[in-house]
Amino acid sequence: MARAREGGGSLKCSFCGKSQNDVRKLIAGPTVYICDECIELCNDIIAEEWQEEKSREIRSLPKPVEVKALLDQYVVGQERAKKILAVAVHNHYKRIEAGSEVGEVELQKANILLIGPTGSGKTLLAQTLAKMLKVPFTIADATTLTEAGYVGEDVENII
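Under my numbering, think of the first position of the sequence shown as 57, with each following residue one higher.
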């Protein structure tokens, strides 16, 4: 590592060794200094690694057939719902992946509402998908919710 001070009392970047006079900005830490050029280089390296990691995650997403097969292991019946969810999950992540690549083309977002009697597997389907995709999942009781200002729980309490 470069020494922080040169003979004339000028500060130097601890990473590249450039003098305080050779860079636009020199930021001081407890025992080190870093210049704006090194910070920019570090940001570029981190952004590149993050982008590669993000691309790897998206590429590793399962196909709709694989999603349905996994749901088949946990949920009995509900074949139509499992197929629809599998395709919707795949399309959702494809939309996210294409979001930064698509210029003027806008891909529509699709939502799904699971309706059915108690015990039909709605929650289990959602929990299984969340577990498989490694995304957060929470359950909230909406029966106690009321419009803001009335007696009862507020919708914001769920969040």
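Where is the CB? At the ideal position from N, CA and C, for every residue including glycine. All values derive from a computational prediction rather than experimental measurement.
Anticipated Cβ contact below 8 Å, residue i with residue j, distance rounded
i, j, result
"T184", "L127", "6 Å"
"A144", "I168", "6 Å"
Strand pairing of residue i, partner residues [DSSP]
i, result
"K68", "S75"
"L201", "E209"
Distance CB(residue i)-CB(residue j) smaller than 8 Å
i, j, result
"I90", "F71", "yes"
"A137", "L181", "yes"
"A196", "I214", "yes"
"K110", "K124", "no"
"T202", "E209", "yes"
"K68", "K74", "yes"
"K119", "H148", "no"
"V79", "E96", "no"
Note to self: Runs of 3 residues minimum, wholly inside the region 77-132: which ones carry the beta strand (DSSP E) assignment?
What the structure shows: 82-84, 89-91
### Query
Hey, is the region 170-188 in contact with the region 128-135, meaning 3+ C-beta pairs nearer than 8 Å?
yes
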